[in-house]
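Sequential numbering from 1 applies to the sequence shown in the UniProt record's numbering.
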Amino acid sequence: MENDNKVGKKKDLEQNISDPEGKTMTTNQGVKVNDTNNSLKAGERGATLLEDFILREKITHFDHERIPERIVHARGSAAHGYFELYESQEKYSKAGIFTDTNRKTPVFTRFSTVAGSKGSADLARDVRGFAVKFYTEEGVFDLVGNNMPIFFIQDAMKFPDLIHAVKPEPHREIPQAASAHDTFYDFVSRTPETLHNHIWAMSDRAIPRSFRMMEGFGIHTFRLINKEGKSHFVKFHWKPLLGVKSVTWDEAVKLHGADTDFHRRDLWDAIDSGQFPEWELGIQVVPQEDEHKFDFDLLDPTKLIPEEIVPVQRIGKMTLNRNPENFFAETEQVAFHPGHIVPGIDFSNDPLLQGRLFSYTDTQLSRLGSPNFHEIPINRPINPTHNNQRDGHMRMTVNKGNTAYFPNSMGGGCPHMAKMAEGGFTSYEERIDANKVRARSESFSDHFSQPGIFYRSLETWEKNHVAEAYSFELGKCTQDHIKERMLWLINKIDKDLAQKVADNLGMKVPSKIDKPVNQAIGADDDGKKNEPQERKDYIDKSEALSQTHIKADSIATRKIAFLVSDGFDAGNVSKMKEALEKKNAVVNLVATHGGNVKCSEGEMHPVDAALMTAESVAFDAIYIPGGVKSVKALKDNAKAKKFINESLKHCKAIAIDSEGEELFYETFGKDFKDDKAVCINKKPADFIKAIGMHRNWEREDKAKMIPA
Ligand code: HDE
Numbered sequence: 001m002e003n004d005n006k007v008g009k010k011k012d013l014e015q016n017i018s019d020p021e022g023k024t025m026t027t028n029q030g031v032k033v034n035d036t037n038n039s040l041k042a043g044e045r046g047a048t049l050l051e052d053f054i055l056r057e058k059i060t061h062f063d064h065e066r067i068p069e070r071i072v073h074a075r076g077s078a079a080h081g082y083f084e085l086y087e088s089q090e091k092y093s094k095a096g097i098f099t100d101t102n103r104k105t106p107v108f109t110r111f112s113t114v115a116g117s118k119g120s121a122d123l124a125r126d127v128r129g130f131a132v133k134f135y136t137e138e139g140v141f142d143l144v145g146n147n148m149p150i151f152f153i154q155d156a157m158k159f160p161d162l163i164h165a166v167k168p169e170p171h172r173e174i175p176q177a178a179s180a181h182d183t184f185y186d187f188v189s190r191t192p193e194t195l196h197n198h199i200w201a202m203s204d205r206a207i208p209r210s211f212r213m214m215e216g217f218g219i220h221t222f223r224l225i226n227k228e229g230k231s232h233f234v235k236f237h238w239k240p241l242l243g244v245k246s247v248t249w250d251e252a253v254k255l256h257g258a259d260t261d262f263h264r265r266d267l268w269d270a271i272d273s274g275q276f277p278e279w280e281l282g283i284q285v286v287p288q289e290d291e292h293k294f295d296f297d298l299l300d301p302t303k304l305i306p307e308e309i310v311p312v313q314r315i316g317k318m319t320l321n322r323n324p325e326n327f328f329a330e331t332e333q334v335a336f337h338p339g340h341i342v343p344g345i346d347f348s349n350d351p352l353l354q355g356r357l358f359s360y361t362d363t364q365l366s367r368l369g370s371p372n373f374h375e376i377p378i379n380r381p382i383n384p385t386h387n388n389q390r391d392g393h394m395r396m397t398v399n400k401g402n403t404a405y406f407p408n409s410m411g412g413g414c415p416h417m418a419k420m421a422e423g424g425f426t427s428y429e430e431r432i433d434a435n436k437v438r439a440r441s442e443s444f445s446d447h448f449s450q451p452g453i454f455y456r457s458l459e460t461w462e463k464n465h466v467a468e469a470y471s472f473e474l475g476k477c478t479q480d481h482i483k484e485r486m487l488w489l490i491n492k493i494d495k496d497l498a499q500k501v502a503d504n505l506g507m508k509v510p511s512k513i514d515k516p517v518n519q520a521i522g523a524d525d526d527g528k529k530n531e532p533q534e535r536k537d538y539i540d541k542s543e544a545l546s547q548t549h550i551k552a553d554s555i556a557t558r559k560i561a562f563l564v565s566d567g568f569d570a571g572n573v574s575k576m577k578e579a580l581e582k583k584n585a586v587v588n589l590v591a592t593h594g595g596n597v598k599c600s601e602g603e604m605h606p607v608d609a610a611l612m613t614a615e616s617v618a619f620d621a622i623y624i625p626g627g628v629k630s631v632k633a634l635k636d637n638a639k640a641k642k643f644i645n646e647s648l649k650h651c652k653a654i655a656i657d658s659e660g661e662e663l664f665y666e667t668f669g670k671d672f673k674d675d676k677a678v679c680i681n682k683k684p685a686d687f688i689k690a691i692g693m694h695r696n697w698e699r700e701d702k703a704k705m706i707p708a
């Protein structure tokens, strides 16, 4: 069902799949191996012989198994799927994926964190990468975006500085996958263009519940080019059908220990169980003539276009429906590049995008080791490629003929160049008349307005989380002058926010900072000053920026823990299980012991997780059914009580039936009897509604007092 387009990527990859089932072991040269356990020795206890080609081959290959991890976005997970277009967008673009509604374009999508190493924890506070490779019939198109609509910096020149500042401090390689340290804030506090992306990173968007519950953004302004050669500016969006959901910071911290692979596992399990994640592709289109109609510069990647000003049109849907066969071959070796575009799509002059166009091929040369990385199965296009590029490390293609140049007559002039009518790529002919300058446009100097709009758009619970995140991060910094500069800058975004953070830090919001302003903001002394402009509140709020307004109350794929022990009420459990599974939620029996657990009817049920290995943070909601014996055993189990207290603290939905009440009241539950998401002896439908809320944030202030 996956790819019924002309040349499916699945079929293409099958040529390279190696299945060992029923096969004999061989060396890499195809010689059958009779013993892979013992090396060749001079006598049973003798020295190993150099001639042992089987040992040498095995060890040599092992010695070279690792390749350098990505310098950024090293930690990631990916899946295959397809993209379908709802309606032709030919008025904007001539690209096949945006005009042909009969296509099912194969995609490979990789999600990632940015700062951490390949083995770091999934729940780090960080931006998430959201990179989609479309294998279109006209070549590969990569949309290499993030889960936040803006970036930290405006010019590619500053990328190495940003990354060096956030990565572990170089003298002692601490901290791993965390921005909460001096060097990052030293940089941020001197580079106010970072403030917009930074406040997003302080919000709950930086600790998603799941990759499947995040938005994606192309960030930069790109161009769409139609058949007539007319250009429209475009911003790309991915809108998840499961809504945008996050965990609390306390959960994120606990998940670091409980399940470092939480997001990776979640993506894999959902696809494995047939619950395919889906995103709609949205576009914000701006006619060429409107380029200068905004309060910000369209080429500035630290700015978004509020959806109230230019609505997002949903033009198609991506479904991820197949897990990779092999992590290294596919997820690790996939090479994305914002410069991989097809006719009908083009770049804007965003100076960050322009720099990226260089970086991505360059990095593959050291990461994958050869200019032939496009031949690796996961990277090769589904349409044939022909050109005069030749040779290099690990070349796979066997090129025929004796010409590798153009023009040629000896090869019949082949491969010949494509005419435009045959789909040949031509760049948009933008007129440029300018001096060559190393400078930044004055229109890039507004750093406070959009962080202000973002903050004002959040609901109270989201604002509280932002204030707590700033306080935590700055609380981890040791240098007062860095914290002061940050407070001074936050104050420019929002005075209340700055005051809250200052109170938590036990500091004052400075009315001025010691250093000359230009030093604090990163401008130089050479007359090229881009003084930050004062905040302009050109709009008050944008609803689309708050998670609260991104409605999706489906409980599909949500994990519900049923806390049980022997003797649990069989009737309650089967009624609740049936109702939840009908809505595609995942029910896990979490018991006081492993193996099987006996219900009140005497039947044995397999335990999904024993309490000793299970943590509440791995679940979205909990259910405590009745059953006298079961409840008694749970009452004697400290972990069961911790499980309930933590779930309360994290504002999760909880259902309790019959004798289960006794256990609930032995926890902090007794203070939450009337809570909106606590369902005591209610119908399964009420519990389903409570889970659909994701969290009852109204509970948060009181629940924070639970010392779990
Ligand atoms: Fe990247 N980025 N980036 N980046 N980026 C990489 O490419 C770079 C930027 C993004 O799952 C690297 O193959 C520069 C913005 C994603 O494999 C590298 C600049 C956005 C991924 C690189 C940026 C991104 C990368 C590292 C500033 C959002 C992971 C390994 C000019 C729109 C892709 C690699 C995957 C990966 C460079 C800024 C997204 C070094 C120089 C802005 C999702 O080439």
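A virtual CB, placed ideally from N, CA and C, is assigned to each residue, including glycine. None of these values were measured; they are calculated from a predicted model.
- Collapsing the DSSP output to three states places Asp142 in a strand.
- CA-CA distance, Ser441 to Pro106, rounds to 40 Å.
- Taking the CA atoms as reference points, Glu14 sits about 9 Å from Pro377.
- Membership of Asp346 in the beta strand (DSSP E) is indicated by the continuous run Ile345 to Phe347.
- By the Cβ criterion, the stretch 258–273 is not in contact with the stretch 217–230, since fewer than three pairs of Cβ atoms, one from each stretch, lie closer than 8 Å.
- Not one heavy atom of the ligand HDE is found less than 7 Å from the C-beta of Gly282.
- Taking the C-beta atoms as reference points, Gln89 is found nearer than 8 Å to Phe98.
- Positions of the beta strand (DSSP E) runs, each at least 3 residues long and wholly inside the stretch 341–419, are given as 345–347 in order along the chain.
- Three or more beta-carbon pairs drawn from the stretch 243–254 and the stretch 202–222 are found closer than 8 Å, and the two stretches are therefore classed as touching.
- Thr26 and Val144 have their C-alpha atoms some 40 Å from each other.
- Residue range Trp249 to Ala258 is occupied by the alpha helix (DSSP H) that includes Trp249.
- The residues Ser445 and Asp446, in chain order, have a CB closer than 6 Å to that of Gln533 in the same chain once the five nearest residues on each side in sequence are set aside.
- At least 8 Å separates the beta-carbon of Ala544 from that of Leu241.
- For Ser457, the enclosing alpha helix (DSSP H) starts and ends at Ser449 to Ser457.
- With fewer than 16 other Cβ atoms inside 10 Å of its own Cβ, Ser409 counts as exposed.
- The ligand HDE has no heavy atom closer than 7 Å to the beta-carbon of His340.
- In the DSSP annotation of this structure, the continuous segment of the beta strand (DSSP E) that includes Met318 starts and ends at Gln313 to Arg322.
- Across the set Phe141, Lys583 and Ser630, the C-alpha of Ser630 shows the shortest separation from the C-alpha of Gly602.
- One Cα belongs to Ala609, the other to Phe562, and the distance between them is close to 10 Å.
- No Cβ-Cβ contact shorter than 8 Å links Glu51 with Gly96.
- Put simply, of His337, Ser366, Pro371 and Asp350 the residue whose alpha carbon is nearest the alpha carbon of Phe358 is His337.
- For Val144, the shortest separation between its Cβ and any heavy atom of the ligand HDE lies below 7 Å.
- Cβ neighbours of Asp155 within its own chain (closer than 8 Å, five residues either side excluded): Pro351, Leu352, Gly355 and Arg440.
- The C-beta of His694 has 16 or more other C-beta atoms within 10 Å across all chains shown, which makes the residue buried.
- Less than 8 Å divides the Cβ of Leu474 from the Cβ of Lys483.
- Taken through DSSP and simplified to helix, strand or coil, Met604 comes out as strand.
- Rounded to the nearest angstrom, the Cβ distance from Glu666 to Lys635 is 6 Å, consistent with a contact under 8 Å.
- Ala156 is bridged by DSSP to nothing; it lacks a bridge partner.
- The C-alpha of Thr48 lies about 14 Å from the C-alpha of Lys58.
- For Leu224, the CB stays at least 7 Å from every heavy atom of the ligand HDE.
- Shown here, Val285 sits in a strand according to DSSP, grouped into three states.
- Inter-residue distance for Gly282 and His232 is about 15 Å (C-alpha atoms, whole angstroms).
- Here DSSP, grouped into helix, strand and coil, assigns Lys32 to strand.
- Looking at the DSSP output, Ala655 bridges to Tyr623 and Cys679.
- In the DSSP assignment, Ser120 forms no beta bridge with any residue.
- The alpha-carbon separation between Ala685 and His340 amounts to approximately 48 Å.
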